[in-house]
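Same order as they appear, the protein sequences are chains A and B.
Going letter by letter, the first sequence gives residues 1 to 467 in the numbering used here.
Going letter by letter, the second sequence gives residues 468 to 570 in the numbering used here.
The C-beta atom is built at its ideal place from N, Cα and C for all residues, glycine as well.
In this text, all values refer to a predicted model and were calculated from it rather than measured experimentally.
Working notes for the structure below.
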Amino acid sequence: MINANLAAIFYLVSGILFILALRGLSSPDTSRQGNYLGIAGMIIAIVVTFLSIGNFSTSLVYVIILLVIGGAIGAFIAFKIPMTAMPELVAGFHSLVGLAAVFVAIAAFLNPAAFNLGNVGNIKLASLIEMSIGASVGAITFSGSIIAFLKLRGIMSGAPITFSGQHILNLIFGIGIFALIFFLCKTQATNIFWTVIFISFLVGVLLIIPIGGADMPVVISMLNSYSGWAAAGIGFTLENSALIITGALVGSSGAILSYIMCKAMNRSFVSVILGGFGADNSAEDKKDKKEAKPVKSGNAEDAAFLMKNASSVIIVPGYGMAVAQAQHALREMVDKLKKNDIKVTYAIHPVAGRMPGHMNVLLAEANVPYDEVFELEDINNDFANSDVAFVIGANDVTNPIAKTDPKSPIFGMPVLDVEKCKSVLFVKRSLSPGYAGIDNELFYKDNTLMLFADAKKMTEDIVKNLD
Amino acid sequence: MEIDPFIFRLSIFILSIFVGYYVVWSVTPSLHTPLMSVTNAISSVIIVGAIIAALAGTSESFFNTSSIFGFIAIILAAINIFGGFLVTQRMLQMYKKKKDKKK
């Protein structure tokens, strides 16, 4: 129908539209428009593919039917999913991209003629390398994302699973994959191709099981990045610029997010990947520290009283808010405070929650205007001038020990200077430590009032007491 | 000497990484979750490969092993395209400025 050159130009156009889609996200105002550009890019790519194949036989009907089925499933999920489940949704979607990449690579391997890559048993060398890399990275993305999904969903424990020799095993598998790809190029044997994919599935599992729940923001970003590289690998195989551009964009996007998340935890990427953070060894010494220290605890009435008499309140949300689904109650509380002319802002730590931007989405869902929500570096100086900090479901990201104790595992991690507020209200179910497995000094400060309850219930009680 | 077309594709790839690098750094942190879901949606452009594989069979035998993998990949990618873009849209709808309605 249309020749290959024209098709290539259209693919370039859709690649550019994808770039603009990401560009739109630089501000919430332009973001919706950006999303439409992304959709336009996708439509162009799909239509051009149909036209350039020009095969309008019965199989086209099947393709359309499958597109509709998949689309309906996707749309259903997109509308049904609660915002608190976004991390697992994204992990699940990553696994689909990974698996699709594997399947496309398999299809190309079994029928190279359809893709102009040579014939079975005599596939072009470069294409063979590209498709096996695409398939391998895709397989790692798939199984890794499945594990991340299970951990986020709570089906699998978030605790790191480690065993001795783990890293060596991963290394052997990693080298094994490269060696197999080398032999694959020499022999073109189908069995080797299947083995590469199988080992890659294993590597994906092994890579993610040792990583703990609090490191999930890094894992999700990393898998995001992998899914991009897998797409780029397939893009090289198919000689398709839309896929190459997209793969590069997604790959670098995920890599940057991983970097931002690692920096926000003051951990190196390598140490996150090697895993085992917050394992049992740190649980030992925290016990004896906890015993004697006095803690002030209060109830909803005290909290309401404190906030009513404040002139400015900063809210620090964390994963606990997501678990308790407390964002709507929180917003109700803030509305009441605002009616009393109290200035309320939100402070969000980059790694609050289980994925980058997790808290922002939840607050947006509760209709919190985004210009009241601030990032760590923009608001940290304001704590000293504020009356009340309301910490709801956050823990490690407020721990002042990160600034004072070089021996602490979180030393050097940027934290919110909550303790500088005149008083701190800390909603938490118990005194148990956060994911880093260390005690929070903030609990024992004179100006801290602990509110021991479920985040949602406590917030609702405070709302009642504010009347 | 003629330049291998691979080099051109490699150039596109490397330049796109740089474009991605600068574009993503300009994304505001509060939109990092929509960023992940939209990158996820666009990476499903891999459906292009799935369609090629699925339509490769002749009209007598469009169900060979290769095209079946293509068909499955189409479903997977389609879930992602629709799910990814729609959930991004749903999220972005929620990001609003302070209400002007309050007079």
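Under 9 Å, Cβ to Cβ, is there at least one residue of chain A near isoleucine 481 (chain B)?
Yes, isoleucine 481 (chain B) counts as interfacial toward chain A.
Closest to glutamate 377 (chain A) by CA distance: which of A:Met413, A:Ile392, A:Pro406 is it?
Glutamate 377 (chain A) has its Cα closest to that of A:Met413, out of A:Met413, A:Ile392, A:Pro406.
Which residues, in chain order, does the segment 411-445 of chain A contribute to contact with chain B at a C-beta distance below 8 Å?
So nothing in the stretch comes that close.
How about asparagine 35 (chain A) and phenylalanine 552 (chain B): do their beta carbons lie closer than 9 Å?
Cβ atoms of asparagine 35 (chain A) and phenylalanine 552 (chain B): closer than 9 Å.
Here's a check: name, in chain order, each residue in its chain whose Cβ is nearer than 8 Å to the Cβ of isoleucine 147 (chain A), leaving out the five neighbours to either side.
For isoleucine 147 (chain A), where only same-chain residues beyond five positions count, the Cβ hits under 8 Å are Met156, Gly204, Val205, Ile208, Ile209.
Classify threonine 468 (chain A) as helix, strand or coil using the three-state DSSP reduction.
Since the first residue shown for chain A is 1 and the last is 467, residue 468 (chain A) is missing from the structure and cannot be characterised.
Taking 9 Å as the CB-CB limit, is methionine 558 (chain B) close to chain A?
Yes, methionine 558 (chain B) lies at the interface with chain A (some Cβ there is under 9 Å from its Cβ).
From isoleucine 43 (chain A) to leucine 363 (chain A), what distance separates their C-alpha atoms?
Going from the Cα of isoleucine 43 (chain A) to the Cα of leucine 363 (chain A) covers about 32 Å.
Closest by CA to proline 496 (chain B), which one among A:Phe443, A:Ser432, A:Ala347, A:Asp417?
The shortest C-alpha separation from proline 496 (chain B) is found at A:Ala347.
With a threshold of 9 Å between beta-carbons, can methionine 503 (chain B) be considered close to chain A, or not?
It does: the Cβ of methionine 503 (chain B) has a partner Cβ on chain A nearer than 9 Å.
Between which two residues does the alpha helix (DSSP H) holding threonine 500 (chain B) run?
It spans 499-509 - the alpha helix (DSSP H) in which threonine 500 (chain B) sits, taken as one unbroken run.
So, at 7 Å on beta carbons, what are the nonlocal neighbours of lysine 287 (chain A) in its own chain, with the 5 sequence-adjacent residues on each side left out?
Low confidence applies to lysine 287 (chain A): its pLDDT is 43, below 50, so where it sits in the model is not reliable, and the reading given next is rough at best. Counting only Cβ-Cβ distances below 7 Å, and skipping sequence neighbours, we find nothing.
For methionine 216 (chain A) and chain B, any beta-carbon pair shorter than 9 Å?
No, no contact with chain B.
From phenylalanine 536 (chain B) to phenylalanine 115 (chain A), what distance separates their C-alpha atoms?
About 14 Å.
Tell me, please, whether the segment 298-315 of chain A touches the segment 382-392 of chain A by the rule of three or more beta-carbon pairs shorter than 8 Å.
Enough Cβ pairs lie closer than 8 Å, so yes.
Quick one: complete alpha helix (DSSP H) runs, 4+ long, within the segment 330-400 of chain A?
For the segment 330-400 of chain A, whole alpha helix (DSSP H) runs of length 4 or above, ordered along the chain, are 358-365, 376-379.
Spell out a yes or no on whether the segment 502-512 of chain B and the segment 52-62 of chain A are touching, meaning 3 or more CB-CB pairs, one atom from each, closer than 8 Å.
The answer is no - the segment 52-62 of chain A does not touch the segment 502-512 of chain B, with fewer than three Cβ pairs under 8 Å.
Comparing the CB of lysine 422 (chain A) with every heavy atom of the ligand PLP, is any distance shorter than 8 Å?
Summarising the ligand content, the structure contains no ligands, and the ligand PLP is consequently not present.
Return helix, strand or coil for valine 120 (chain A), following the three-state DSSP convention.
Reduced to three states, the DSSP call for valine 120 (chain A) is coil.
Using beta-carbon positions only, say whether glycine 298 (chain A) and leucine 451 (chain A) come within less than 9 Å of one another.
Cβ atoms of glycine 298 (chain A) and leucine 451 (chain A): closer than 9 Å.
Can you give me the Cβ contacts of glutamate 372 (chain A) inside the same chain, cut-off strictly under 8 Å, excluding the 5 residues immediately before and after it?
For glutamate 372 (chain A), where only same-chain residues beyond five positions count, the Cβ hits under 8 Å are Val344, Thr345, Tyr346.
If you measure from the beta carbon of leucine 152 (chain A) to each beta carbon in chain C, is any gap under 9 Å?
Looking at the structure shown, chain C is missing, and the protein chains on hand are A and B.
Among all the DSSP beta bridges, which residues are the ones paired with proline 317 (chain A)?
DSSP lists A:Ile392 as partners of proline 317 (chain A).
Among A:Lys296, A:Glu419, A:Ile133, whose alpha-carbon lies nearest the alpha-carbon of phenylalanine 193 (chain A)?
Comparing Cα-Cα distances from phenylalanine 193 (chain A) to each of A:Lys296, A:Glu419, A:Ile133, the minimum goes to A:Ile133.
Pull out every residue of the segment 348-360 of chain A whose Cβ sits closer than 7 Å to any Cβ of chain B, in chain order.
For the segment 348-360 of chain A, which is checked against every Cβ of chain B, the residues closer than 7 Å are Pro350, Met355, Pro356, Gly357, His358, Asn360.
Does any C-beta atom of chain A lie closer than 9 Å to the C-beta of isoleucine 546 (chain B)?
Yes, because at least one Cβ of chain A sits closer than 9 Å to the Cβ of isoleucine 546 (chain B).
When the Cα atoms are used, what is the spatial distance from glycine 233 (chain A) to threonine 555 (chain B)?
Cα to Cα, the separation comes out at about 25 Å.
Buried or exposed: which applies to glutamine 560 (chain B), given that a residue is buried once 16 or more other Cβ atoms fall within 10 Å of its Cβ?
Exposed, because fewer than 16 other Cβ atoms sit within 10 Å of the Cβ of glutamine 560 (chain B).
So, for aspartate 454 (chain A): in the same chain, excluding its five sequence neighbours on each side, which residues have a beta-carbon less than 6 Å away from its beta-carbon?
If we look at aspartate 454 (chain A) and ignore the five residues flanking it on each side, its Cβ neighbours are Ala324.
Any Cβ of chain A within less than 9 Å of the Cβ of methionine 468 (chain B)?
Answer no: the Cβ-Cβ gap between methionine 468 (chain B) and chain A never drops below 9 Å.
Could you name the residues of chain B that isoleucine 462 (chain A) contacts, counting a contact when the two beta carbons are closer than 7 Å?
By Cβ distance, chain B contributes nothing, its closest Cβ being about 23 Å from isoleucine 462 (chain A), past 7 Å.
Short check: CB of phenylalanine 76 (chain A) to CB of alanine 540 (chain B), under 9 Å?
Not a contact, by the Cβ cut-off of 9 Å.
Just tell me which of A:Ala366, A:Ser143, A:Ile16 has its CA closest to the CA of proline 82 (chain A).
Checked all of A:Ala366, A:Ser143, A:Ile16; the closest Cα to proline 82 (chain A) is A:Ala366.
Hey, phenylalanine 480 (chain B) and isoleucine 244 (chain A): beta-carbon distance below 9 Å or not?
In this structure, isoleucine 244 (chain A) lies closer than 9 Å to phenylalanine 480 (chain B) by Cβ.
Relative to chain A, which residues along the segment 508-523 of chain B have a C-beta separation below 7 Å, given in chain order?
So the list reads Ala508, Ile509, Ser510, Ser511, Val512, Ile513, Ile514, Val515, Gly516, Ala517, Ile518, Ile519, Ala520, Ala521, Leu522, Ala523, given in the order they occur along the chain.
Please confirm if threonine 49 (chain A) has its CB atom under 9 Å from at least one CB of chain B.
Cβ-Cβ to chain B under 9 Å: yes for threonine 49 (chain A).
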